[in-house]
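A.B. asks: Take a look at the following structure, please.
Number of protein chains: 2
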Amino acid sequence: MRPREFDNDDVLRIAFDQFWRKGVRGTSLSDIARDAGVQRGSLYNAFGSKEALLLQAYERYAGGYLVALQEALGAGSLRKRLTAFFDLTITNFRSGSPPRGCPTTRGLMELGAAEGEGLDEDARKAFANLVSRITALVEDTLSAGAERGEFDGNPTSAALHIITVTRGLAVLERAFDDEPQLRKIAAHTIDLVLGKGGR
Amino acid sequence: MRPREFDNDDVLRIAFDQFWRKGVRGTSLSDIARDAGVQRGSLYNAFGSKEALLLQAYERYAGGYLVALQEALGAGSLRKRLTAFFDLTITNFRSGSPPRGCPTTRGLMELGAAEGEGLDEDARKAFANLVSRITALVEDTLSAGAERGEFDGNPTSAALHIITVTRGLAVLERAFDDEPQLRKIAAHTIDLVLGKGGR
DNA sequence: CCATGTTTTTGACGTCGTGTCAAATATTGA
DNA sequence: TCAATATTTGACACGACGTCAAAAACATGG
Numbered sequence: 086m087r088p089r090e091f092d093n094d095d096v097l098r099i100a101f102d103q104f105w106r107k108g109v110r111g112t113s114l115s116d117i118a119r120d121a122g123v124q125r126g127s128l129y130n131a132f133g134s135k136e137a138l139l140l141q142a143y144e145r146y147a148g149g150y151l152v153a154l155q156e157a158l159g160a161g162s163l164r165k166r167l168t169a170f171f172d173l174t175i176t177n178f179r180s181g182s183p184p185r186g187c188p189t190t191r192g193l194m195e196l197g198a199a200e201g202e203g204l205d206e207d208a209r210k211a212f213a214n215l216v217s218r219i220t221a222l223v224e225d226t227l228s229a230g231a232e233r234g235e236f237d238g239n240p241t242s243a244a245l246h247i248i249t250v251t252r253g254l255a256v257l258e259r260a261f262d263d264e265p266q267l268r269k270i271a272a273h274t275i276d277l278v279l280g281k282g283g284r
Numbered sequence: 086m087r088p089r090e091f092d093n094d095d096v097l098r099i100a101f102d103q104f105w106r107k108g109v110r111g112t113s114l115s116d117i118a119r120d121a122g123v124q125r126g127s128l129y130n131a132f133g134s135k136e137a138l139l140l141q142a143y144e145r146y147a148g149g150y151l152v153a154l155q156e157a158l159g160a161g162s163l164r165k166r167l168t169a170f171f172d173l174t175i176t177n178f179r180s181g182s183p184p185r186g187c188p189t190t191r192g193l194m195e196l197g198a199a200e201g202e203g204l205d206e207d208a209r210k211a212f213a214n215l216v217s218r219i220t221a222l223v224e225d226t227l228s229a230g231a232e233r234g235e236f237d238g239n240p241t242s243a244a245l246h247i248i249t250v251t252r253g254l255a256v257l258e259r260a261f262d263d264e265p266q267l268r269k270i271a272a273h274t275i276d277l278v279l280g281k282g283g284r
């Protein structure tokens with residue numbers, strides 16, 4: 086059979102970068118094809134549809150991001166871990182020039198229309214799934230911290246609160262384009278959750 | 086001159102409902118024209134472009150929403166005010182069937198692409214502006230509460246925190262479609278900000 | 001070494017979206 | 001009544017998604 090003329094993973098990487106920068110609906114398959122040096126039809130042959138391509142590109146991103154998150158959450162005091170968590174989160178939002186924002190949050194709001202087309206639904210689930218997995222990581226970290234006496238609240242509630250704040254940060258990032266503001270909110274959140282004093 | 090055959094405000098109302106349900110990019114001018122019983126060209130004549138129509142439709146919504154917010158924030162103890170604030174926020178997200186989510190947050194993420202087309206920028210600013218105005222209302226409420234001895238933190242930081250949580254709630258609403266969860270997070274946030282005990 | 005089969009590539013097509021334009025139309029006011 | 005003016009209408013250009021059949025490139029087996 087005829088061999089494929091492009092590397093599958095290269096295309097996923099290029100496609101996700103475009104989705105990240107311009108949004109899913111703002112990125113056309115022609116854009117991706119041009120950038121990847123591939124014919125538009127070849128993308129349909131290889132991936133099936135725009136949503137399917139998005140899905141694969143996003144999984145690729147999510148995998149790497151989860152690894153980085155686990156690392157950030159895995160060392161030092163609970164306060165240090167949460168600080169590293171917010172740092173990574175905000176740094177990720179502010180990566181690129183101009184900053185690209187949070188792809189997960191954008192995808193969720195972009196494809197989470199009340200009356201979506203239907204194929205979008207799979208992508209929406211993938212975005213929601215990453216949020217769930219991050220929440221679980223944060224909750225585990227808080228639970229471990231609680232056992233070590235570094236935290237005495239409810240890990241489940243606190244993790245949900247923290248995740249909510251990170252999603253809010255993603256929105257404020259787009260609204261105000263003010264990185265110091267994001268970092269202040271993050272620090273304030275950590276103080277609220279752990280108690281402002283020492284701990 | 087020839088009189089206009091439709092009511093301007095009717096069209097704005099119908100248009101915003103569609104934008105809210107299906108998202109800005111997911112709503113075509115043909116959809117709006119059909120729903121309003123107006124020819125597509127007439128919309129261009131009356132409003133100029135899709136973004137301009139969105140802008141006017143959104144201003145119309147924002148005005149009404151701000152009034153409702155002020156009412157929610159204007160009566161009772163600080164705790165009651167904040168509870169009413171979150172109630173209104175979540176009820177707004179969950180209005181419609183299926184629930185339509187938060188139009189502001191969706192608009193911000195949908196049009197806040199790093200590489201937007203340019204005309205979208207005005208709409209993005211309008212969304213961000215509502216967020217700013219809500220933040221100011223919350224901050225005023227907290228300041229007043231502080232003067233009455235109901236709150237002893239920094240009103241500015243706390244207001245920013247609360248606004249961040251509401252934006253996060255808008256995202257989680259799309260992600261998990263779980264209204265009780267949203268209300269739990271809201272209650273938890275109020276406890277964190279005001280102190281869990283009495284106050 | 002060639003023929004066959006399989007996959008990829010390529011280009012044309014249909015449909016729908018935005019936005020523009022000129023021509024037709026309906027009022028108002030002189 | 002008639003001219004001026006704004007609105008409506010339909011055609012057009014352009015770009016998006018997705019489909020399809022024909023062409024092309026390779027691998028394998030004879």
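Going down the list, the sequences are from chains A and B. If you're matching positions, the first sequence starts at 86 in the working numbering and goes up one per residue. If you're matching positions, the second sequence starts at 86 in the working numbering and goes up one per residue. Positions of the beta carbon are idealized from the N, C-alpha and C atoms, including for glycine. All figures in this text were calculated on a predicted structure; none of them were measured in a lab.
Please list the terminal residues of the continuous alpha helix (DSSP H) segment that includes VAL256/B.
C.D. replies: 240 to 261
A.B. asks: Could you spell out where the alpha helix (DSSP H) holding ALA229/B opens and where it closes?
C.D. replies: 205 to 232
A.B. asks: Could you work out which residue in ARG259/A, ASP225/A, VAL278/A and ARG87/A is closest to ILE175/A when comparing CA atoms only?
C.D. replies: ARG259/A
A.B. asks: Using a Cβ-Cβ cut-off of less than 7 Å, give me the residues of the segment 231 to 244 of chain B that come near chain A, in sequence order.
C.D. replies: SER242
A.B. asks: Should THR249/A go down as buried or exposed, given a rule of 16 or more other Cβ atoms within 10 Å for buried?
C.D. replies: THR249/A should be labelled buried.
A.B. asks: Given a threshold of 16 other Cβ atoms within 10 Å of its Cβ, counted over all protein chains shown, does VAL109/A qualify as buried or as exposed?
C.D. replies: buried
A.B. asks: Whole angstroms is fine: what's the gap from VAL223/A's alpha carbon to VAL123/B's?
C.D. replies: 51 Å
A.B. asks: To the nearest whole angstrom, what separates the beta carbons of ALA208/A and GLY192/A, a pair I think is in contact under 8 Å?
C.D. replies: 7 Å
A.B. asks: Is DSSP giving GLU136/A helix, strand or coil here?
C.D. replies: Here GLU136/A sits in helix by DSSP.
A.B. asks: Under a Cβ-count criterion, where at least 16 other Cβ atoms within 10 Å of its own Cβ denotes burial, should ASP94/A be classed as buried or exposed?
C.D. replies: exposed
A.B. asks: Shorter than 9 Å from the beta carbon of VAL278/A to some beta carbon of chain B?
C.D. replies: yes
A.B. asks: With distances taken from CA atoms, which of GLY186/A, ALA147/A, ALA100/A and THR168/A is nearest GLU136/A?
C.D. replies: ALA100/A
A.B. asks: Got a sec: is the Cβ-Cβ distance from VAL256/B to anything in chain A below 9 Å?
C.D. replies: yes
A.B. asks: Select from the segment 190 to 201 of chain A all residues with a C-beta closer than 7 Å to any C-beta belonging to chain B, and list them in chain order.
C.D. replies: THR190, ARG191, LEU193, MET194, GLU195, GLY197, ALA198, ALA199 and GLU200
A.B. asks: Along chain B, which residues have their Cβ under 7 Å away from the Cβ of ALA213/A?
C.D. replies: ALA260 and PHE261
A.B. asks: Taking the alpha carbon of TYR146/A as the reference point, which residue from ARG164/A, PRO188/A, ILE275/A and LEU267/A has its own alpha carbon closest?
C.D. replies: PRO188/A
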